[in-house]
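Visitor: Take a look at the following structure, please.
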DNA sequence: AAAATAAGTTTCAAATAGTGAAACCTGCAA
DNA sequence: TTGCAGGTTTCACTATTTGAAACTTATTTT
């Protein structure tokens, strides 16, 4: 959470932005003051700057701050360009239709899992509000699938940033145990989540890897112990595998078309 | 575009962020250099900061910058809290089903129209990538509907920021003409777009107003001259009106539930 | 109604962080 | 080898940021 305390004013402003966004509701100045390491005046000025930049919105009636509309704009582009979601969309639809279970597409952000897209078993409508959530890496299928294929040198750092909170009795709670499991996951090519995050919830997950082996993201099919078993989910592996590969290929293939440099671009 | 050249480092960093995002594709350093007002070293450092903050991603192979994954995270919250989209969703679905035409939900960002949600006549799936786009205010139905209800004192500034580009022969291209039309729109309560942005495209739009008359957003139904007429669209006004009112009411009603202050919140 | 307390805003000298011209790399092409 | 474009680093100079404290409202309390 705290991240780099080193970077400068921009980092501070962004930290405040995260703080406001992290609340999930409008926040008042004094609440922020409690939670931020900055003195009153500094925080006050940072907030002012963010508001004047429309990254935050201030509601004078309720005297509270919320994320601003400019973020929505930026987000559109980030989503389109920096996530696998647009490329993976048709394949998620396909997979979802085939297996009829919840499907997740995730990427790694810092040391956490960021769900960038999702298909629900019952309601296959793709809603943005269902993506964008973050989750722990050490106790989710997609998380472990990605950790297993991280470059060796990054692993210690990332493992150190996990909370190792025992969500369920089955949660793996030590880096050592995790390393062993990751080894296994790497060897067999897929990961399970055996009720490690929520009781009754199980899943199979596969990494999406570039041709050079870099982790691009992960794909998972989730269900419940009431409806199915790990063994049954394992049967889906080849299908998920093939889709993961297709997505990886498309990601690498889809270079942006050559820019037309004859005309300088204009803006309204 | 240039906005406040006054604000400080944060503003500069955000301007660079916009610049990268505005490209819609990975951009190289030298391209950015051309387009930004900053000297090499400054731009370089700003980019470094943004990358280290994960607001931008740098691809070493292609030596280019793209919007970063942290934006996607922030976006989720911004979308949920700072746009009318989540509240309006069911009503958009309803309206879309009833009229069978394209429906837009927009808000005003700076002096531009930001589409925060959309329903398509054919494909009613709600995809994030279709929202988040921006458009001009002076030649779209939603734009004019919102401008018409802006506080008097803000109007000159906002009108001054329009490009007045004549997209079609029917585009209104002067602030004076626009003022007259806005008067009319305010009086009758709704706006048309009579092929002012794209030939063949017409729409009716209504503002979404708070109980105190503040502009919250706008709602429109769009079609083509081939399929319908302005007169026919006008018949939808009462229905759209009622939905706009419902959305406004819900927005004002939906205060966040009282926070439980007995327990300090924790974070994994 | 006055006093007390809390919540939010402004000030200003000191400290820090940001600036950008210019020098310096580093591949790549001639 | 030389030239050169794209990119990175340096460093003295400057402007911005900092935060304790003083100051203004609002909100309670007595």
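Protein chains in written order, with my numbering: chain P, 307 to 574; chain S, 307 to 574. Glycine is no exception: its CB is placed at the ideal position from the N, C-alpha and C atoms.
1. By a C-beta neighbour count over all protein chains shown, 10 Å radius and 16 as the cutoff for buried, is residue 334 of chain P buried or exposed?
2. Take residue 501 of chain S as the anchor and find which of S:421, S:532 and S:377 has the nearest alpha-carbon.
3. Quick check on the DSSP output: the alpha helix (DSSP H) that includes residue 390 of chain S runs from which residue to which?
4. Does residue 330 of chain S get closer than 8 Å to chain P when you measure Cβ to Cβ?
5. Identify every residue that forms a DSSP beta bridge with residue 513 of chain P.
6. Check the DSSP bridge columns for residue 507 of chain P and list the partner residues they point to.
7. Chain S beta carbons: is any one of them nearer than 8 Å to that of residue 514 of chain P?
8. Quick one: grab the DSSP three-state call for residue 350 of chain P.
9. Please report the straight-line C-alpha distance between residue 609 of chain P and residue 527 of chain P, rounded to a whole angstrom.
10. Could you spell out the range, first to last residue, of the beta strand (DSSP E) harbouring residue 408 of chain S?
11. Thinking C-alpha only, which one of S:369, S:423, S:496 and S:412 is nearest residue 338 of chain S?
12. Taking DSSP as the reference, what is the three-state secondary structure of residue 424 of chain P?
13. Determine, using beta carbons only, whether residue 362 of chain P and residue 349 of chain P come nearer to each other than 8 Å.
14. Here's a check: name, in chain order, each residue in its chain whose Cβ is nearer than 6 Å to the Cβ of residue 549 of chain S, leaving out the five neighbours to either side.
15. Between the segment 414–426 of chain S and chain P, which residues of the former have CB atoms less than 8 Å from a CB of the latter, in chain order?
16. Taking 8 Å as the CB-CB limit, is residue 343 of chain P close to chain S?
17. Taking contact to mean 3 or more Cβ pairs, one atom from each stretch, closer than 8 Å, check whether the segment 407–422 of chain S and the segment 364–383 of chain S are in contact.
18. Rounded to the nearest angstrom, what separates residue 435 of chain S and residue 504 of chain S at their Cα positions?
19. State the beta-bridge partners of residue 441 of chain S as determined by DSSP.
20. For residue 555 of chain S, go through chain P and note every residue whose CB falls closer than 8 Å to its CB, in chain order.
21. Report the neighbours of residue 361 of chain S on chain P: residues whose CB is nearer than 8 Å to its CB, in chain order.
22. Near residue 346 of chain P, which residues of its chain fall below 8 Å by C-beta distance, leaving aside the five closest residues on each side in sequence?
23. Are there 16 or more other CB atoms within 10 angstroms of the CB of residue 367 of chain S, so buried, or fewer, so exposed?
24. Examine chain S for any beta-carbon lying closer than 8 Å to the beta-carbon of residue 314 of chain P, and answer yes or no.
25. Decide if residue 355 of chain S is buried, meaning its Cβ has at least 16 other Cβ atoms within 10 Å, or exposed.
26. Kindly list, in the order they appear in chain S, the residues whose Cβ is closer than 9 Å to that of residue 389 of chain P.
27. Could you give the distance in angstroms between the alpha-carbon of residue 466 of chain S and the alpha-carbon of residue 439 of chain P?
28. Nearest-angstrom Cα distance between residue 474 of chain S and residue 385 of chain P?
29. DSSP state of residue 367 of chain P, grouped into three classes?
30. What would DSSP say about residue 372 of chain P, mapped onto helix, strand or coil?
31. What residues from chain S crowd round residue 439 of chain P, counting only those whose CB sits closer than 9 Å?
32. Using a Cβ-Cβ cut-off of 6 Å (strictly less than) and excluding sequence neighbours within five positions of residue 481 of chain P, which residues of its own chain qualify?
33. Kindly indicate which three-state DSSP category residue 478 of chain P falls into: helix, strand or coil?
Guide: The answer reads as follows:
1. In the first chain, the residue the question calls residue 334 of chain P occupies position 28. With fewer than 16 Cβ atoms within 10 Å of its Cβ, residue 334 of chain P is classed as exposed.
2. Residue 501 of chain S sits at position 195 when you count from the first residue of the second chain. Residue S:532 is the option with its Cα nearest to residue 501 of chain S.
3. As a first step, residue 390 of chain S is located in the second chain; it is residue number 84 there, counting from the start. No alpha helix (DSSP H) contains residue 390 of chain S, which DSSP labels as neither H nor E.
4. Position 24 of the second chain, counted from the first residue, corresponds to residue 330 of chain S. So, interface residue.
5. The sequence position of residue 513 of chain P within the first chain is 207, counting from 1. Bridge partners of residue 513 of chain P: P:524.
6. By 1-based counting over the first chain, the position of residue 507 of chain P is 201. Residue 507 of chain P is bridged to P:530.
7. Here residue 514 of chain P refers to the residue found at position 208 of the first chain. Output row for residue 514 of chain P: interface = no.
8. Sequence index remark: in the first chain, residue 350 of chain P carries index 44 (1-based). Residue 350 of chain P falls in the helix class under three-state DSSP.
9. The first residue shown for chain P is 307 and the last is 574, placing residue 609 of chain P beyond what the model contains.
10. Stepping through the second chain from its first residue, residue 408 of chain S is reached at position 102. That run of the beta strand (DSSP E) goes 408–415.
11. Taking the second chain and counting its residues from 1, one reaches residue 338 of chain S at position 32. Cα-wise, what sits closest to residue 338 of chain S is S:369.
12. By 1-based counting over the first chain, the position of residue 424 of chain P is 118. Strand, per DSSP.
13. The residue given as residue 362 of chain P occupies position 56 in the first chain. The residue given as residue 349 of chain P occupies position 43 in the first chain. Cβ distance not < 8 Å, so residue 362 of chain P and residue 349 of chain P don't count as in contact.
14. In the second chain, residue 549 of chain S corresponds to position 243, counting from 1. So the qualifying residues of the chain are 397 and 401.
15. 415, 416, 420 and 422
16. Counting from 1 along the first chain, the entry for residue 343 of chain P is found at position 37. Cβ-Cβ to chain S under 8 Å: no for residue 343 of chain P.
17. no
18. As a first step, residue 435 of chain S is located in the second chain; it is residue number 129 there, counting from the start. As a first step, residue 504 of chain S is located in the second chain; it is residue number 198 there, counting from the start. Its pLDDT being 40, under 50, residue 435 of chain S is placed unreliably in this model, and the value from its coordinates should be taken loosely. For residue 435 of chain S and residue 504 of chain S, the distance between alpha carbons rounds to 21 Å.
19. The residue labelled residue 441 of chain S in the question sits at position 135 within the second chain. According to DSSP, residue 441 of chain S bridges with S:419.
20. The count along the second chain starts at 1 and reaches residue 555 of chain S at position 249. What residue 555 of chain S touches in chain P: nothing, since even the nearest Cβ is about 16 Å away.
21. By one-based count along the second chain, residue 361 of chain S stands at place 55. Residues of chain P passing the Cβ test: 320.
22. For the purposes of this step, residue 346 of chain P is taken as residue 40 along the first chain, with counting starting at 1. So the qualifying residues of the chain are 339.
23. Here the question's residue 367 of chain S lines up with position 61 in the second chain. With fewer than 16 Cβ atoms within 10 Å of its Cβ, residue 367 of chain S is classed as exposed.
24. Residue numbering aside, residue 314 of chain P sits at position 8 when the first chain is read from its first letter. Chain S contact via Cβ: present.
25. Position 49 of the second chain, counting from 1, holds the residue named residue 355 of chain S. By the 10 Å Cβ count, residue 355 of chain S comes out buried.
26. As a position in the first chain, residue 389 of chain P is number 83, starting the count at 1. Within 9 Å Cβ-Cβ: 375 and 378.
27. Start at 1 with the first residue of the second chain, and residue 466 of chain S comes out as number 160. Start at 1 with the first residue of the first chain, and residue 439 of chain P comes out as number 133. C-alpha separation (whole angstroms): 39 Å.
28. Residue 474 of chain S sits at position 168 when you count from the first residue of the second chain. Residue 385 of chain P sits at position 79 when you count from the first residue of the first chain. Each residue's Cα considered, the two are about 31 Å apart.
29. Here residue 367 of chain P refers to the residue found at position 61 of the first chain. Correct three-state label for residue 367 of chain P: coil.
30. Here residue 372 of chain P corresponds to residue number 66 of the first chain, with the count starting at 1. Three-state DSSP puts residue 372 of chain P in a strand.
31. The residue you call residue 439 of chain P lines up with position 133 of the first chain. Residues of chain S passing the Cβ test: 379 and 382.
32. What you label residue 481 of chain P is simply residue 175 of the first chain in a count that begins at 1. Excluding residues within five positions, the ones whose Cβ falls inside 6 Å are 465.
33. Residue 478 of chain P sits at position 172 when you count from the first residue of the first chain. Residue state, collapsed to three classes: coil.
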